[in-house]
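A.B. asks: There's a structure below that I have some questions on.
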Amino acid sequence: MTTFQNQVAAEATIAEQAWTAALGAVTEEIADCFEHREPRALVREMTEAMLMELDTRNYWTLAEALGHRGPHRLQHFLSRAVVHHDRARDRITAWTAGELADPDAVLIVDETGDEKSSTDCVGAARQYSGALGGIHLCQVAVHLTYASRHGHAPIDRALYLGAEWAADEERRLLTHVHDDVVFATKPQIAAALLTHARDLGIQARWLAGDEVYGGRELRHSARALGFGYVLAVRTDHRVDTAVGRLTVTALSARIPKKAWMRLRTGHGLKGDRHYDWAMLDIHPDDTPAGHRPGHAAVLVRRHRYTRELSFYRCHSATPVTLADLVDVVCCRWRAEEDFQTAKGVCGLDQGQTTCWNSWMRWTLISLLAAAVLAVTRARTTTATTAGSGLVPASGRELLRLLRITALPRPRRDRGHFLHWSAWRRHHQHQAAEAHRRWNNITAAATT
1219 MTTFQNQVAA EATIAEQAWT AALGAVTEEI ADCFEHREPR ALVREMTEAM
1269 LMELDTRNYW TLAEALGHRG PHRLQHFLSR AVVHHDRARD RITAWTAGEL
1319 ADPDAVLIVD ETGDEKSSTD CVGAARQYSG ALGGIHLCQV AVHLTYASRH
1369 GHAPIDRALY LGAEWAADEE RRLLTHVHDD VVFATKPQIA AALLTHARDL
1419 GIQARWLAGD EVYGGRELRH SARALGFGYV LAVRTDHRVD TAVGRLTVTA
1469 LSARIPKKAW MRLRTGHGLK GDRHYDWAML DIHPDDTPAG HRPGHAAVLV
1519 RRHRYTRELS FYRCHSATPV TLADLVDVVC CRWRAEEDFQ TAKGVCGLDQ
1569 GQTTCWNSWM RWTLISLLAA AVLAVTRART TTATTAGSGL VPASGRELLR
1619 LLRITALPRP RRDRGHFLHW SAWRRHHQHQ AAEAHRRWNN ITAAATT
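Per my numbering, numbering through the sequence shown is continuous, rising by one, with the last residue being 1665.
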């Protein structure tokens, strides 16, 4: 056991060096996105504070942890400071993809919802969110994740504005939504994220996504941009085959028993997970003008015990094996892992931001923290795990090491705590009094 402890100690040292180098490199990349010195310094401070051991993460708790006397500096950064956050996003995207670069990388599109308590927040409405398990008052954003054999991290995001919300001029004015931001479906947002990634020179081979993104419009866009795809589709999805147009469910009934192949689709703490798989050729219906038809297929996954079926529509410009497509399907779950990290340790869903700029900047810092953590993990794993007798450190395990070695500790001395306790309670008192006065005014107006 002492030998393993020594190995972990060496790994902690490597992780500290990797974190310091990665954070320094990416903040240098985005330095010219801030016209003044203070916001440039706050980016680094906020990135570190996001990963501190805190109960909650919003600009109040981050300011307190950093030792500020109030939240005003962070509030100014998020809402009013001169910050070119779109340019910073592009730099972070290119840096992350470059650090994890792999010609066979997969871009994964998926959305997640963040529950809200008020419709005052930009994009907040009663809408469906799979992450929240139904219809809730929430913000929904479409995310793009870069996944390769070196690691995975979210690299871009776009806030979804429902048709009714996007057409509400009063809401748009109150939350400072730009005039060029209009309603777009989630697949259309995903296509825009893909196009932007390609414009930035991001190299990847595949696109993966769930059933929301299996429609023809996004598949056509992916092929026009040069991506192969493996996209989940619904059980009633129809495809063109040599014997006519069939639903994927009807097509799966024609699979011979000997055509199924059992393959490993992941590894958990209790061992490998296996499913039965089959691949059936189909005719593509999404070929862009001037492109060759390529190779289209339906991939069918069958649970070994329940016999439940899942379906994936696939396309590649060149022939690929069943195992290659299964690897892309398995890669899609990296986006779920990234959502857990971004929300669980990087504060993605805790920003309490209401306006367009503040949402963009809060999520930018959250994704920056997640990206630097992913790159640090990739560098640490490469340097330490071969033949060590230890499994690679998970993202959360690596973060525990960084909190001891590299990350500053939250300020928690008595005087600072008492100052913030007094500040919070006075601010809450003022807010309660303002609400009471407003309620009295509105009550008088209705009588």
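Note that CB positions come from ideal geometry on N, CA and C, so glycine has one too. Fair warning: this is a prediction, and the values are worked out from it, not measured in the lab.
Can you give the beta carbon distance from Leu1449 to Tyr1530, rounded, assuming they're within the 8 Å contact cut?
C.D. replies: Walking along the sequence shown from the start, residue 1449 turns up at place 231. Walking along the sequence shown from the start, residue 1530 turns up at place 312. Contact between Leu1449 and Tyr1530 holds, with the beta-carbon distance rounding to 6 Å and staying under 8 Å.
A.B. asks: Measure the C-alpha to C-alpha separation of Ala1592 and Ala1662 and round it to an integer number of angstroms.
C.D. replies: What you label residue 1592 is simply residue 374 of the sequence shown in a count that begins at 1. What you label residue 1662 is simply residue 444 of the sequence shown in a count that begins at 1. Rounded to the nearest whole angstrom, the CA to CA distance from Ala1592 to Ala1662 is 56 Å.
A.B. asks: Would you call the CB atoms of Ala1440 and Leu1412 closer than 8 Å?
C.D. replies: For the purposes of this step, residue 1440 is identified with residue 222 of the sequence shown, where counting begins at 1. For the purposes of this step, residue 1412 is identified with residue 194 of the sequence shown, where counting begins at 1. Cβ atoms of Ala1440 and Leu1412: closer than 8 Å.
A.B. asks: If I'm right that Leu1377 touches Gln1357 with Cβ under 8 Å, what's the distance once you round it to whole angstroms?
C.D. replies: For the purposes of this step, residue 1377 is identified with residue 159 of the sequence shown, where counting begins at 1. For the purposes of this step, residue 1357 is identified with residue 139 of the sequence shown, where counting begins at 1. Between Leu1377 and Gln1357 a beta carbon distance of about 7 Å is seen, short of the 8 Å cut, so the two are scored as contacting.
A.B. asks: So, does the region 1515 to 1522 touch the region 1280 to 1298, judging by three or more C-beta pairs under 8 Å?
C.D. replies: The region 1515 to 1522 makes no contact with the region 1280 to 1298; the number of CB pairs closer than 8 Å stays below 3.
A.B. asks: Within its chain, find whatever has a CB closer than 8 Å to the CB of Arg1463; leave out the 5 residues flanking it on each side and keep chain order.
C.D. replies: In the sequence shown, counting from the first residue as 1, residue 1463 sits at position 245. The residues are Arg1456, Val1457.
A.B. asks: With Leu1619 and Ala1230 assumed to form a contact (beta carbons below 8 Å), what rounded beta-carbon distance in angstroms separates them?
C.D. replies: The residue you call residue 1619 lines up with position 401 of the sequence shown. The residue you call residue 1230 lines up with position 12 of the sequence shown. Right, their Cβ atoms sit about 5 Å apart.
A.B. asks: Terminal residues of the continuous beta strand (DSSP E) containing Ser1534?
C.D. replies: As a first step, residue 1534 is located in the sequence shown; it is residue number 316 there, counting from the start. That run of the beta strand (DSSP E) goes 1527 to 1534.
A.B. asks: Let me check one thing: in DSSP terms, what residues is Arg1519 bridge-paired to?
C.D. replies: Here residue 1519 is taken as the residue at index 301 of the sequence shown, counted from 1. DSSP lists Trp1495, Ser1528 as partners of Arg1519.
A.B. asks: Excluding the 5 residues flanking Gly1512 on each side, which residues of the same chain have their C-beta closer than 7 Å to its C-beta?
C.D. replies: On the sequence shown, residue 1512 is found 294 positions in, with the first residue counted as 1. Counting only Cβ-Cβ distances below 7 Å, and skipping sequence neighbours, we find Pro1502, His1533, Ser1534, Ala1535.
A.B. asks: In its own chain, which residues sit with a C-beta less than 6 Å from the C-beta of Arg1305, not counting the 5 before and 5 after it?
C.D. replies: Numbered from 1 along the sequence shown, position 87 holds the residue referred to as residue 1305. So the qualifying residues of the chain are Cys1251.
A.B. asks: Tell me which same chain residues have a C-beta within less than 7 Å of the C-beta of Asp1308, skipping the five on either side of it?
C.D. replies: For this step, residue 1308 is matched to residue 90 along the sequence shown. Leu1418.
A.B. asks: Would you mind reading off the limits of the beta strand (DSSP E) that contains His1361?
C.D. replies: What you label residue 1361 is simply residue 143 of the sequence shown in a count that begins at 1. 1352 to 1366 is the extent of the beta strand (DSSP E) around His1361.
A.B. asks: Any idea what DSSP makes of Ser1584, helix, strand or coil?
C.D. replies: Counting from 1 along the sequence shown, the entry for residue 1584 is found at position 366. Reduced to three states, the DSSP call for Ser1584 is helix.
A.B. asks: One question on the structure: do Val1461 and Val1516 come within less than 8 Å of each other, judged by their Cβ atoms?
C.D. replies: Position 243 of the sequence shown holds residue 1461. Position 298 of the sequence shown holds residue 1516. No, they are not a contact pair.
A.B. asks: Kindly indicate which three-state DSSP category Gln1223 falls into: helix, strand or coil?
C.D. replies: Taking the first residue of the sequence shown as 1, we reach residue 1223 at position 5. DSSP places Gln1223 in helix when its eight states are reduced to three.
A.B. asks: What are the start and end residues of the beta strand (DSSP E) that includes Ala1415?
C.D. replies: As a working mapping, residue 1415 is identified with position 197 in the sequence shown. Here Ala1415 belongs to no beta strand (DSSP E); instead the alpha helix (DSSP H) covers 1404 to 1417.
A.B. asks: Helix, strand or coil: how does DSSP classify Ile1310 here?
C.D. replies: One-based indexing of the sequence shown puts residue 1310 at position 92. Of the three classes helix, strand and coil, the one that applies to Ile1310 here is helix, per DSSP.
A.B. asks: Measuring alpha carbon to alpha carbon, tell me which of Ala1649, Arg1655, Arg1632, Ala1611 ends up nearest Ala1228.
C.D. replies: The residue you call residue 1228 lines up with position 10 of the sequence shown. That would be Ala1611, whose Cα lies nearest to the Cα of Ala1228.
A.B. asks: Is Ala1477 near the ligand NAP, with its Cβ less than 7 Å from a heavy atom?
C.D. replies: Inclusion of the ligand NAP in the displayed structure is not the case, the ligand content being empty and no account of it being possible.
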